[in-house]
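**Student:** Numbering-wise (the working numbering), the sequence shown opens with residue 2 and increments by one.
Cβ coordinates follow ideal geometry from the N, Cα and C atoms, glycine included.
In this text the structure is predicted, and so the values were computed from the model without any measurement.
One structure is given below, represented as structure tokens, and several questions about it will come after.
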Amino acid sequence: MIHLKTALGKITIESVYGQDPKTGESICPVRKAWGLDSRQEMSPLLEDRICFTATRTGSYESASQVADKWGVPVDDSTIHNHVNKAGVLAETLSEERVEAALNPETRPKIIEQARKENETSPFSLIIEMDAWKIRERGKDWGLKPADQEGSRVEWRDVKTAVIFRLDHRIKSQSGRHEIIEKQMVTYRGEPYEFGRRVFAEALRRGLNQAEEVYIVSDGAVWIWDIAEDRFSEAIGVLDYYHASQHLWALGQEIREKESAVRRWVLPKLKGLKEGNIDAVIRAIQHSLERCQTTEQKKIVERELNYFMEHRDHAEYTKIKEEGCPIGSGAVESGCSQLENRFKRTGQFWILPSERALMHLEMARRNHDWDEIWELVA
């Protein structure tokens, strides 16, 4: 007797079972014909649907409520278990794709497939990178009493990239820019490994076929290290909003009144947007000469170094003429969406569960979902 939960509800099947005379293996012909293992109690289609729902709802409890509306009750702990199982497969496939793209023996096949998928017209590739923080259970999670000091909660960076073709960035009727096709990469760990994964995904998406490659990001040092290491031929673009924040912070440091701050900052912003970063640097150098305290001098020197380091990343007039965005809004939006799923009230992750759901999330977003269920089935 087989009891199986399916997308149509729970079914019971009477079936013979026994020993295969050739192999001596104990088998159930129906389970074998349907691709079910000996203890499987849920059909691959239903597993697919509940895992997909788990990536689209705010919690496993919410996913359970949605499943109940289908008429297929599945409790949240069962959904969690299946997400962990499918997430391991998704992670395995992801690792295989990364290694295939980076291995000199298999990379040509990846590049050729990307060429076939991108041979319709010339294009430029945009890569935006940023990070957000996820909340995890610390080593002292659950430590009692409550007032005893301990590491109960730890915040970890989840590095994130968005990759898209420039011609897939369009304007909607309202005038807002939208991206009709994009891919994401996430990694909770060191920048070096994240850089490998971004490079591998970029190869899959046309890095070698692109006429131009742009790296758009804020001023985080680890991002520009990745850009230099993995995308040395790319055109770097410093996020304009991030640069403007530095100017406002500097203005507030060297001017006392708000009106004086505005008079100093606004012309610099205009010059910056017009691609005249050298004038901005000269103005900061002039301010450095007028510093009255050691602490103020340190702050101005820090900002001067910031703009000097990004001198080649702020040619905004030229960048805009080429159609490339001067802001990293795509990846910031992506980070916000992921935070909405992974940083909700009361969510404190353990790493295996976090990784499982994240790999399913990336598989769904990057159109790699069906590969998982080919392995399940």
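Look at the alpha carbon of Asp279 and the alpha carbon of His178, and state the distance between them as a whole number of angstroms.
**Tutor:** In the sequence shown, residue 279 corresponds to position 278, counting from 1. In the sequence shown, residue 178 corresponds to position 177, counting from 1. Each residue's Cα considered, the two are about 30 Å apart.
**Student:** Can you have a look at Lys117 and say buried or exposed, based on whether 16 or more other CB atoms are within 10 angstroms of its CB?
**Tutor:** Within the sequence shown, numbered from 1, the residue matching residue 117 stands at position 116. Looking at its Cβ environment, which holds fewer than 16 other Cβ atoms inside 10 Å, Lys117 is exposed.
**Student:** By a C-beta neighbour count over all protein chains shown, 10 Å radius and 16 as the cutoff for buried, is Pro192 buried or exposed?
**Tutor:** Translated into the one-based positions of the sequence shown, residue 192 becomes position 191. Classification for Pro192: buried.
**Student:** If you draw a straight line from the C-alpha of Gly276 to the C-alpha of Ser125, how long is it?
**Tutor:** In the sequence shown, the residue the question calls residue 276 occupies position 275. In the sequence shown, the residue the question calls residue 125 occupies position 124. One C-alpha to the other measures close to 21 Å.
**Student:** Quick check: what's the CA-CA separation for Leu376 versus Phe232?
**Tutor:** For the purposes of this step, residue 376 is identified with residue 375 of the sequence shown, where counting begins at 1. For the purposes of this step, residue 232 is identified with residue 231 of the sequence shown, where counting begins at 1. In a straight line, the C-alpha of Leu376 is about 34 Å away from that of Phe232.
**Student:** Looking at Phe165 and Arg365, is the spacing between their C-beta atoms short of 8 Å?
**Tutor:** Against the sequence shown, residue 365 aligns to sequence position 364. Against the sequence shown, residue 165 aligns to sequence position 164. Contact: no.
**Student:** Where does Thr7 fall in DSSP's three states?
**Tutor:** In the sequence shown, residue 7 corresponds to position 6, counting from 1. Residue state, collapsed to three classes: strand.
**Student:** Which residues in the same chain have their Cβ closer than 8 Å to the Cβ of Trp350, if we skip the five residues on either side of it in sequence?
**Tutor:** On the sequence shown, residue 350 is found 349 positions in, with the first residue counted as 1. For Trp350, where only same-chain residues beyond five positions count, the Cβ hits under 8 Å are Ile135, Arg136, Glu137, Arg138, Phe343.
**Student:** So Leu103 packs on Ala201, CB below 8 Å; how close in whole Å?
**Tutor:** Along the sequence shown, read from residue 1 onward, the residue named residue 103 stands at position 102. Along the sequence shown, read from residue 1 onward, the residue named residue 201 stands at position 200. Correct: roughly 6 Å between the Cβ atoms.
**Student:** Using DSSP with H/G/I as helix, E/B as strand and the rest coil, what is Ile181?
**Tutor:** Translated into the one-based positions of the sequence shown, residue 181 becomes position 180. Ile181 falls in the coil class under three-state DSSP.
**Student:** When you compare each of Val217, Arg256, Leu358 to Glu316 by their alpha carbons, which one comes out closest?
**Tutor:** In the sequence shown, residue 316 corresponds to position 315, counting from 1. Per the Cα distances, Val217.
**Student:** Among Ile180, Gly190, Lys319, His311, which residue has its Cα nearest to the Cα of Ser245?
**Tutor:** Here the question's residue 245 lines up with position 244 in the sequence shown. Of Ile180, Gly190, Lys319, His311, the residue nearest in Cα terms is His311.
**Student:** Please say whether Gly88 and His314 have beta carbons closer to each other than 8 Å?
**Tutor:** Along the sequence shown, read from residue 1 onward, the residue named residue 314 stands at position 313. Along the sequence shown, read from residue 1 onward, the residue named residue 88 stands at position 87. Cβ atoms of His314 and Gly88: not closer than 8 Å.
**Student:** Between the Cα of Glu372 and those of Gly324, Leu167, Ala91, spot the shortest distance and give me the residue it belongs to.
**Tutor:** The residue you call residue 372 lines up with position 371 of the sequence shown. Ranking the options by Cα distance to Glu372, first place goes to Ala91.
**Student:** When you compare the CB positions of Asn367 and Met130, do they come within less than 8 Å of one another, or not?
**Tutor:** Numbered from its first residue, the sequence shown carries residue 367 at position 366. Numbered from its first residue, the sequence shown carries residue 130 at position 129. Against a cut-off of 8 Å, the Cβ pair of Met130 and Asn367 comes out as no contact.
**Student:** Output the residue ranges of the beta strand (DSSP E) runs that lie fully inside the stretch 157-204 and measure 3 residues or longer, sorted by chain position.
**Tutor:** Segments of the beta strand (DSSP E) lying fully in the stretch 157-204: 170-172, 178-180, 184-188.
**Student:** Could you compute how far the alpha carbon of Val154 sits from the alpha carbon of Val163?
**Tutor:** For this step, residue 154 is matched to residue 153 along the sequence shown. For this step, residue 163 is matched to residue 162 along the sequence shown. Each residue's alpha carbon lies about 28 Å from the other.
**Student:** Tell me the rounded alpha-carbon separation between Thr187 and Ala221.
**Tutor:** If you number the sequence shown from 1, residue 187 lands on position 186. If you number the sequence shown from 1, residue 221 lands on position 220. Spanning the two alpha carbons is a distance of roughly 16 Å.
**Student:** Do Leu167 and Cys325 count as a contact pair if the criterion is CB distance below 8 Å?
**Tutor:** The residue given as residue 325 occupies position 324 in the sequence shown. The residue given as residue 167 occupies position 166 in the sequence shown. Yes, they are a contact pair.
**Student:** Curious, which full-length alpha helix (DSSP H) runs of at least 4 residues does the stretch 74-142 contain?
**Tutor:** Those alpha helix (DSSP H) runs which fall completely within the stretch 74-142 and span 4+ residues are 77-103, 108-118.
**Student:** Going by beta carbon distance, what residues of the same chain come within less than 6 Å of Glu48, once the five residues before and after it are set aside?
**Tutor:** Numbered from its first residue, the sequence shown carries residue 48 at position 47. Once the five neighbours on either side are set aside, the close Cβ partners of Glu48 are His83.
**Student:** Between the C-alpha atoms of Val99 and Ala261, what's the straight-line distance to the nearest angstrom?
**Tutor:** As a first step, residue 99 must be located in the sequence shown, where it is residue number 98. As a first step, residue 261 must be located in the sequence shown, where it is residue number 260. Taking the straight line joining both Cα atoms gives about 52 Å.
**Student:** Buried or exposed: Lys160, going by 16 or more other Cβ atoms within 10 Å of its Cβ?
**Tutor:** As a working note, residue 160 is residue 159 in the sequence shown. It is buried - the Cβ of Lys160 has at least 16 other Cβ atoms within 10 Å.
**Student:** Could you have a look at Gln286 and say whether DSSP puts it in helix, strand or coil?
**Tutor:** Stepping through the sequence shown from its first residue, residue 286 is reached at position 285. Here Gln286 sits in helix by DSSP.
**Student:** Under 8 Å, with one C-beta from each stretch per pair, do the stretch 65-80 and the stretch 328-348 reach the 3-pair mark?
**Tutor:** No: fewer than three Cβ pairs fall under 8 Å.
**Student:** Please report the distance separating the alpha-carbon of Arg157 from that of Thr346.
**Tutor:** In the sequence shown, residue 157 corresponds to position 156, counting from 1. In the sequence shown, residue 346 corresponds to position 345, counting from 1. Cα-Cα distance, rounded: 17 Å.
**Student:** Of the residues Ala55, Ser44, Phe195, Glu26, which one's Cα is nearest the Cα of Ile12?
**Tutor:** Walking along the sequence shown from the start, residue 12 turns up at place 11. Measuring from the Cα of Ile12, the nearest candidate turns out to be Ser44.
**Student:** For Gln20, collect the residues of the same chain with a Cβ closer than 6 Å to its Cβ; drop the 5 residues on either side in sequence, then sort them by chain order.
**Tutor:** Translated into positions along the sequence shown, residue 20 becomes position 19. Result list for Gln20: Ser27, in chain order.
**Student:** Which residues does DSSP pair with Leu239 in a beta bridge?
**Tutor:** If you number the sequence shown from 1, residue 239 lands on position 238. The partner list for Leu239 (beta bridge, DSSP) reads Ser218.
**Student:** What whole-angstrom Cβ distance do Asp230 and Gly196 have, given they're in contact under 8 Å?
**Tutor:** Taking the first residue of the sequence shown as position 1, residue 230 is located at position 229. Taking the first residue of the sequence shown as position 1, residue 196 is located at position 195. Their Cβ separation, rounded to whole angstroms, is 6 Å, which keeps Asp230 and Gly196 in contact under 8 Å.
**Student:** Please classify Glu263 as buried or exposed, where buried requires at least 16 other C-beta atoms within 10 Å of its C-beta.
**Tutor:** Sequence index remark: in the sequence shown, residue 263 carries index 262 (1-based). Here residue 263 turns out to be Arg, not Glu, going by the sequence shown. Exposed, since its Cβ has fewer than 16 Cβ neighbours within 10 Å.
**Student:** Within a Cβ cutoff of 7 Å, which residues of the same chain sit near Ile111, ignoring the five residues on either side of it in sequence?
**Tutor:** What you label residue 111 is simply residue 110 of the sequence shown in a count that begins at 1. For Ile111, where only same-chain residues beyond five positions count, the Cβ hits under 7 Å are Ala101, Ala102, Leu204, Arg205.
**Student:** Taking only runs that begin and end inside the stretch 287-337, name each unbroken alpha helix (DSSP H) of 4 or more residues, in chain order.
**Tutor:** Fully enclosed alpha helix (DSSP H) runs of 4 or longer: 295-310, 317-322.
**Student:** Would you report the Cα separation of Phe308 and Thr79, rounded to the nearest angstrom?
**Tutor:** Here residue 308 refers to the residue found at position 307 of the sequence shown. Here residue 79 refers to the residue found at position 78 of the sequence shown. Their Cα atoms are separated by approximately 52 Å.
**Student:** First and last residue of the alpha helix (DSSP H) that includes Pro45?
**Tutor:** Translated into the one-based positions of the sequence shown, residue 45 becomes position 44. That run of the alpha helix (DSSP H) goes 45-57.
**Student:** Put Ile351 into one of helix, strand or coil per three-state DSSP.
**Tutor:** As a first step, residue 351 is located in the sequence shown; it is residue number 350 there, counting from the start. In the structure shown, Ile351 sits in coil (DSSP, three-state: anything other than H, G, I, E or B).
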